[in-house]
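Read through the structure below, which is laid out as structure tokens, and then see the notes.
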Amino acid sequence: MSTAALHSTRPFKSYWSELRRQTFRQFVAIAATLGEMPFLEHLEELRDRIIKSLIAIGASFAVCWYFSVELFEFVARPITKIAGASLVINDPTEAFTVYLRISFVAALYLAAPFVLWQVWRFIAPGLYKHERRYAGPFIVSTSLFFLLGGVFGYVVAFPTALQFLLDMAKKGHMVPLIAAENYFSLFSTVMIVLGIVFEIPPVVFILSRIGLVNGPFLLKNTRWAILLATIIAAVVTPTTDAFNMMIVAIPMVLLYLIGVMVAFVFGRQRRTAE
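For the sequence shown, the positions run 0 to 273 when numbering that gives the first Met the number 0 is used.
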């Protein structure tokens, strides 16, 4: 390997070395608070939290399935607004699959507060007593931002990407007869990914208040966050064009920068004493 190549890899190696050190120190700090609970009990606790979350999603799915027709009309609205575009099915079972998919995505949003509560209950034993008071802010903020991610996806990201793709088809004199299953598959991906991405600011806020992350560290590694956002956008978007990638990547980068500012404003050193 040439000297220039070695120099080019040093910043990347330095970043991962520092990240490993930071992660290890925080892991040790959290592990020190876990008390005497055996490893198997942690696995049982994780299993219980997962089961309760699945039950909540299942119950929410039953409710959403009852309104599946209304949900179908709501989700199909972005494409019905585009002149000349129609949804079609190529298989008698495809409509049933579409209703299942729509109901499942809606159930995730409906059950999100309870699922996030189970996440907090699982990690809470690894926190000090004075840190557990962030349970309320964690549940409220993460639930709200998950919903905001869905709103952004439905109102901005998905319709914009859809319009761009169909305009390309029309320029090539292609008739846009969209398979319903493919349409709702794309919709589901965008809604779930953006819901998760919008969790960045509230999660950073809680972690910075506890003292697990800080503003200088996040700011220093902004370029790696941009690279990661670009990679994720390339994976989840249906095409490789820069326009659709930026629809996902730009909000991710902006949310990360908001998280950096949040960490600077609200962050503090972790207290080990009560």
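Even for Gly, the Cβ is constructed at its ideal location relative to N, Cα and C. All figures in this text were calculated on a predicted structure; none of them were measured in a lab.
Reduced DSSP secondary structure (H/G/I, E/B, other) of Ile-177
Correct three-state label for Ile-177: strand.
Alpha-carbon spacing of Phe-66 relative to Phe-73, whole angstroms:
11 Å
Using only CA atoms, which one of Leu-45, Gly-83, Gly-152, Leu-147 lies nearest to Trp-116?
Leu-45
Identify the residues that DSSP records as bridge partners of Leu-86: which are they?
Ile-177
Mark Phe-242 as exposed unless 16 or more other C-beta atoms lie within 10 angstroms of its C-beta, in which case mark it buried.
exposed
Run through DSSP, which three-state label would Val-27 get?
Per-residue confidence for Val-27 stands at a pLDDT of 49, beneath the threshold of 50, marking its modelled position as unreliable; the derived number appears in the next sentence. Three-state DSSP puts Val-27 in a helix.
Three Cβ pairs or more, each shorter than 8 Å: is that satisfied between the stretch 99 to 112 and the stretch 182 to 189?
yes
For Gln-268, which residues of its own chain have a beta-carbon under 7 Å away from its beta-carbon, when the five flanking residues on both sides are left out?
Sequence-distant Cβ neighbours of Gln-268 in its own chain, meaning closer than 7 Å and more than five residues away, are Gly-210.
Considering only C-alpha positions, which residue in the set Val-261, Trp-223, Phe-263 is nearest to Ala-248?
The shortest C-alpha to C-alpha distance from Ala-248 to any of Val-261, Trp-223, Phe-263 is the one to Trp-223.
Close beta carbons around Leu-53, own chain, < 8 Å, minus the five adjacent residues each side:
Closer than 8 Å at the Cβ level, and outside the excluded window around Leu-53, lies no residue.
Going by alpha carbons, who is nearest to Tyr-255 out of Val-212, Ala-233, Met-167?
Val-212
Determine the DSSP secondary structure at Thr-141, reduced to helix, strand or coil.
helix
Start and end residues, alpha helix (DSSP H) containing Gly-281
Here the chain has residues from 0 to 273 only, and residue 281 is not among them.
Determine whether the beta carbon atoms of Val-192 and Gly-258 lie at a separation below 8 Å.
no
Which residue from Trp-64, Glu-198, Leu-176 puts its Cα closest to that of Ala-84?
Leu-176
For the alpha helix (DSSP H) that Gly-214 lies in, which residues bound it at each end?
That run of the alpha helix (DSSP H) goes 214 to 219.
C-beta contact flag for Gly-135 and Val-196 at 8 Å
no
Leu-126 to Ile-138, Cα distance in whole Å?
16 Å
Verify whether the separation of the beta carbon atoms of Phe-151 and Ser-207 is less than 8 Å.
No, these two residues do not count as a Cβ contact at 8 Å.
Can you tell me where the alpha helix (DSSP H) holding Phe-165 begins and where it ends?
In the sequence as displayed, the identity of residue 165 is Leu instead of Phe. Unbroken alpha helix (DSSP H) run through Leu-165: 157 to 170.
Any chain B beta carbon closer than 8 Å to Lys-170:
Absent here is chain B; the protein component of the structure consists of one chain.
Would you mind sorting Phe-95 into buried or exposed? The rule is 16 or more other CB atoms within 10 Å of its CB.
exposed
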